[in-house]
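Chemist: Next up is a structure, given as structure tokens.
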Amino acid sequence: MATILHINSSVRNTGSISRQLTAEFLSKWKAARPADVVVERDLAVNPVPHLNEQMMGAFFTPAEKRSPAQVQTVQLSDALVAELFDAEVIVLGAPMYNFSISSALKAWIDHVTRAGLTFNYTETGPMGMVKGKKVYVFTARGGVYTQGPAQSMDFQEPYLRVVLGFIGLTDVTFTHAEGLAMGDSAIDAALSQSRLLIDEMVTA
2 MATILHINSS
12 VRNTGSISRQ
22 LTAEFLSKWK
32 AARPADVVVE
42 RDLAVNPVPH
52 LNEQMMGAFF
62 TPAEKRSPAQ
72 VQTVQLSDAL
82 VAELFDAEVI
92 VLGAPMYNFS
102 ISSALKAWID
112 HVTRAGLTFN
122 YTETGPMGMV
132 KGKKVYVFTA
142 RGGVYTQGPA
152 QSMDFQEPYL
162 RVVLGFIGLT
172 DVTFTHAEGL
182 AMGDSAIDAA
192 LSQSRLLIDE
202 MVTA
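Numbering follows this note's numbering, in which position 25 of the sequence shown is assigned residue number 26; successive positions increment by one, without gaps.
And the structure:
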């Protein structure tokens, strides 16, 4: 039995392609592995706060020296980190907004990328501590960024690969549903291709 952390970051609760694809993936995954447990984290329904000076101060204060207010401040971040460590599989729905990720997903990343918890500084440089997990990322993009003239404008996949890898999540598979603003036929083609990839991933 595995624990799957399912994170949605689309601001849209209806009509979201990334939500649709993560739901289809998990439905097929659960059909093949009914004993697995899914933990839901919806960053639109329950957004995590963006970092501020108080949070940063609490993060960098040793646990035994934190004030009661600082202990309360880090509780949510600690819970998010615990969810990450407890999961064997992470399924992330990440639509592209303005060539990158949503601010909600960036806030979550800021809460789980913490020195001493999810990465450590060593003599040879930073070392990720969240290891041995599989990550599936489902994106939704209005244009085409995997090839062609807009490829250099993709700050979504490169950033996610770097920041996830920084904390130790290096086994990451991306499924891009793109060209979604190019008409119904493009949407149908993107969904068909994504579903083929989902079938391959679930049966692998």
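By construction, the Cβ of each residue, glycine as well, lies at the ideal position given by its N, Cα and C atoms.
All values reported here derive from a predicted model rather than from experimental measurement.
#1: Below 8 Å CB to CB, which residues in the same chain sit around R20 once its five sequence neighbours on both sides are set aside?
#2: Output needed for H112: all residues of its chain with C-beta closer than 6 Å, excluding positions within five of it in sequence on either side, in chain order.
#3: Which residues does DSSP list as the beta-bridge partners of M183?
#4: Can you find the residues in the same chain that come closer than 7 Å, C-beta to C-beta, to V164, ignoring five residues on each side of it along the sequence?
#5: Can you list, in chain order, the residues of its chain whose CB lies under 6 Å from that of K135, leaving out five sequence neighbours each side?
#6: Measure the Cβ-Cβ separation of A36 and M2 and say whether it is below 8 Å.
#7: Can you tell me the Cα-Cα spacing of S17 and E124, whole angstroms?
#8: What does DSSP give as the partner residue(s) for G129 in the beta ladder?
#9: Taking the beta strand (DSSP E) that K135 belongs to, which residues open and close that run?
#10: What separation, rounded to the nearest whole angstrom, lies between the Cα atoms of S68 and K29?
#11: Using a 10 Å radius around the Cβ and a threshold of 16 neighbouring Cβ atoms, would you call A116 buried or exposed?
Modeler: In short, the structure shows the following:
#1: Counted from its first residue, the sequence shown places residue 20 at position 19. Result list for R20: N9, S11, R13, N14, G94, in chain order.
#2: Working through the sequence shown from its first residue, we reach residue 112 at position 111. These residues qualify, in order along the chain: V49, S78, L81.
#3: Taking the sequence shown and counting its residues from 1, one reaches residue 183 at position 182. DSSP, once it has assigned bridges, lists no residue as partnering M183.
#4: One-based indexing of the sequence shown puts residue 164 at position 163. Once the five neighbours on either side are set aside, the close Cβ partners of V164 are I110, T114.
#5: Within the sequence shown, numbered from 1, the residue matching residue 135 stands at position 134. Contacts found: V90, D172.
#6: Within the sequence shown, the letter at position 35 stands for residue 36. Within the sequence shown, the letter at position 1 stands for residue 2. Yes. Within cutoff.
#7: For the purposes of this step, residue 17 is taken as the residue at position 16 of the sequence shown. For the purposes of this step, residue 124 is taken as the residue at position 123 of the sequence shown. Roughly 44 Å separates the two Cα atoms.
#8: In the sequence shown, the residue the question calls residue 129 occupies position 128. DSSP output for G129 lists F120 as bridge partner(s).
#9: Indexing the sequence shown from 1 puts residue 135 at position 134. Run containing K135: 135 to 141, per the beta strand (DSSP E) assignment.
#10: Along the sequence shown, read from residue 1 onward, the residue named residue 68 stands at position 67. Along the sequence shown, read from residue 1 onward, the residue named residue 29 stands at position 28. Their Cα atoms are separated by approximately 46 Å.
#11: Numbered from its first residue, the sequence shown carries residue 116 at position 115. A116 is exposed by the Cβ-count criterion.
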